[in-house]
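Visitor:
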Amino acid sequence: MKRRSLLKAASATAGAMAIPLAACADSIPGDKSPQIADVVVVGGGTAGTIAAIQAARAGAKTHLIERGSQLGGTTTTGGVSFPGLFDAWGKQIIAGIGWDLVKQAVELDKGTLPDFSKVPRRHWQNQVQVNQFVYALLAEEACVKAGVTIAYYESPMSVEKTADGWTIQSVGPGTHRCVKCRQIVDCTGGASVVGMLGLTRLRDKETQPGSLLYKLGGENPVGRKQLDRLYVHGADSSTSATLTKANLDGRKSLLRKLRGTENKARLVHMQPETAHRESYRIQGETLITVDDYTSGRIFKDAICYAFYPVDLHTRSGVRPKPLAGGKVPTVPLSALVPKGSRNVIVAGRCVSSDRLANSGLRVQASCMAMGQAAGATAALAAQRKTTPMKLPLKDVRDLLTSHGAVIPTT
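In our numbering, the protein residues as written are 161 to 570.
1. Could you have a look at HIS283 and say whether DSSP puts it in helix, strand or coil?
2. Quick one: using the 10 Å Cβ neighbour count with 16 as the cut-off for buried, is VAL428 buried or exposed?
3. Could you name the residues of the same chain whose beta carbon sits closer than 6 angstroms to that of GLY203, not counting the 5 residues immediately before and after it, in chain order?
4. Just verifying my parser: in three-state terms, what is the DSSP assignment at LEU390?
5. Going residue by residue through the region 507 to 567, where are the continuous alpha helix (DSSP H) segments of at least 4 residues, counting only ones entirely within it?
6. Check whether the region 543 to 552 and the region 261 to 271 touch, using three or more Cβ-Cβ pairs below 8 angstroms as the test.
7. So, are the CB atoms of LEU387 and LEU408 less than 8 angstroms apart?
8. With H, G and I counted as helix, E and B as strand and the rest as coil, what does DSSP make of ILE225?
9. What residues match up with LYS321 in a beta bridge as DSSP calls it?
10. Tell me the rounded alpha-carbon separation between VAL201 and LEU224.
11. Spatial neighbours of SER512 within its chain, please: C-beta separation below 7 angstroms, excluding the five flanking residues on both sides.
12. Let's test the definition: count the other Cβ atoms within 10 Å of the Cβ of GLU366 and tell me whether it reaches 16, buried, or not, exposed.
13. Tell me whether the beta-carbon of GLY334 lies closer than 8 angstroms to the beta-carbon of GLU314.
14. Based on Cα-Cα distance, which residue from GLY358, LYS251, ALA211, ARG337 lies nearest to ALA299?
15. May I ask you to report which of helix, strand or coil DSSP gives ALA212?
16. Going straight from the alpha carbon of ARG437 to that of LEU472, what length do you get?
17. What did DSSP end up calling LEU372 once you bin it into helix, strand or coil?
18. Does DSSP put VAL353 in a helix, in a strand, or in coil?
19. Helix, strand or coil for LEU362, going by three-state DSSP, please let me know.
20. LEU306 to ILE213, Cα distance in whole Å?
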């Protein structure tokens, strides 16, 4: 299938609003001066949490803006608490900060880790099961220890270019925060900041369904027990209105199921939000095609691996297409940089890619790896007063390696 038929160039500002606000003098209550940061990470989900930790550990003054009440995104709020895959063909291919948090969560929950030296018959057999509640606690602790300033319940309402970076106005209940920074890391899932900046994003007419995770039974399922799911077709994480609709649709379906349950099973668990698979993707300096992905192409500027079947969910179901033996896809740094941009980088499922490649790239392990790469890149760019694409690639790779990441080799 040609790339043209897979992609639709969407208006960069569709689904995003940039509302002019007052000057920085109207900052958070009790503080009339703007806050200063090197790096601002927007979105504290799977990728954003790791990006913020990495940037802060690299010495950058880092702020993290998260619209919800906790970190972890799909892993925690969405309840998809099996963040794979970290291995491929008998060896670990994704490590670093995200993997360390996953290991800590499993150990604290007295779980067990898969044996990555064994190649499973099916890809899901090497999924790592984590306790979503423990992971959220550990992620927050790691951010605080690294020195990240966390702003829960806030969203950016305007982003303005300055001579050496950006001024971000964010708002939340009773709060209007102004932050001046050098670099932005957009980890919103749908590249909402990129859209606010008027940069090109990609989107298809149809998006993969979201999932509302729940459990029926006599015990409250915590820890490593896998939850049941309801598909929410048309789920879209782009705006508060579409997020609301996805939650309303999912909960309505679950209530219908409860009323029709023959054995009158009790609802003992329900995630607070629908987990999303797809919305906008950026048009980056490089676009990863499904051929790049399935062939295991090693890009010249590859900064991490990814590994998962091509996994496109539709109304008729899903049929994962496993990668051929020995093939391990890579993610280039240039696929995290919006085309024609300066001082902004993304990470997570909004990576520049066609729809089929994105269906494999979007899973949590690769998003964690992308988040660490973006955080390292933003920190270096801020410290050197340059922009991500002008950094020596070796310096980015060296920083990532020093923090435990696995870098693709030819």
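The C-beta atom is built at its ideal place from N, Cα and C for all residues, glycine as well. Here the structure is a predicted model, which is why all the values come from computation and not from measurement.
Guide: Based on what the coordinates show:
1. helix
2. exposed
3. CYS347, THR348
4. strand
5. 515 to 521, 524 to 544, 553 to 562
6. no
7. no
8. strand
9. TRP326
10. 5 angstroms
11. ARG441, ILE442, GLN443, GLY444, THR446, LEU447, ILE448, ALA495
12. exposed
13. no
14. ALA211
15. helix
16. 9 angstroms
17. strand
18. helix
19. strand
20. In the sequence as presented, Leu is not what sits at residue 306; that position holds Ala. Taking the straight line joining both Cα atoms gives about 6 angstroms.
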